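Residue numbers (the numbering used here): 21 to 228.
Written below as structure tokens is the structure these notes are about.
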């Protein structure tokens, strides 16, 4: 799996990446799911589709420095989710690919032309399909329709029965094919800790 990092201050990115590095060095001896890399989710996202992300930490791509400023692991996969319609979005995809990132599309309202350009630039995956993207309409296929009709595109989907209704989950998987779909939890830090009050992104949340 890829450890998910949400938009935050640069100094917090560094702390998290250092922690992931340590865990990746020690995990091999443990009978647990293995972390293969890091997923920077939504650093370059569409503010109108931010969902639970904090737009005050979104970045604007002006050149290669914005990508180089994201701390990297010593080893492992580097994945990021972005909205290709943001300022200089297609150039961003190209720059990320040059620096050996896997680029996924998400938190987006991109039109078909922009999606096609992003695909040609190297973005061929979608993050938490159906969520935080434009849906399917009979006169406007949206991001969802584009992905379902683009054979080479893959996607991951939250299979908890809450983020995506079970019939829609079945529709998406059957339409794309099981070899092009991966299941994700989209869990946040307090997951698995039981009921209680927790700090999450400088906010208090309750799990009951």
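Where is the CB? At the ideal position from N, CA and C, for every residue including glycine.
These numbers were taken from a predicted model, which means no experiment stands behind them.
Per DSSP, reduced to three states, the secondary structure at residue 140 is helical.
Annotated three-state conformation of residue 84 is helix, per DSSP.
Residue 204: member of the beta strand (DSSP E) spanning 201-204, first to last residue. Positions of the alpha helix (DSSP H) runs, each at least 4 residues long and wholly inside the stretch 109-169, are given as 109-118, 132-141 and 162-168 in order along the chain. Taking a C-beta distance under 7 Å as the contact criterion, residue 27 and residue 73 qualify as a contact pair. Residue environment: residue 24 is assigned as buried (16 or more neighbouring CB atoms within 10 Å of its CB, all protein chains considered).
No Cβ-Cβ contact shorter than 7 Å links residue 154 with residue 126. Of 226, 180 and 86, the smallest CA-CA separation from residue 202 is found for 180. Nearest to residue 193 by alpha-carbon distance, out of 49, 176, 68 and 88, is 176. For residue 41, the enclosing alpha helix (DSSP H) has its first and last residue at 30-46. In chain order, 150 place their CB closer than 7 Å to the CB of residue 188, counting only its own chain and leaving out the 5 sequence neighbours on each side.
Counting the other Cβ atoms within 10 Å of the Cβ of residue 21 gives fewer than 16, which makes it exposed. Counting along the chain, residue 61 sits inside no alpha helix (DSSP H); it lies in the beta strand (DSSP E) bounded by residues 57-64. The C-beta of residue 228 has fewer than 16 other C-beta atoms within 10 Å across all chains shown, which makes the residue exposed. Rounded to whole angstroms, the gap between the alpha carbons of residue 169 and residue 211 is 34 Å. Cβ-Cβ distances below 8 Å link residue 88 to 119 in the same chain, with the five nearest sequence neighbours on each side left out; the list follows chain order.
For residue 192, the secondary structure class from DSSP, reduced to helix, strand or coil, is helix.
Between the beta-carbon of residue 174 and that of residue 144 there is about 7 Å, and that keeps the pair under the 8 Å contact cut.
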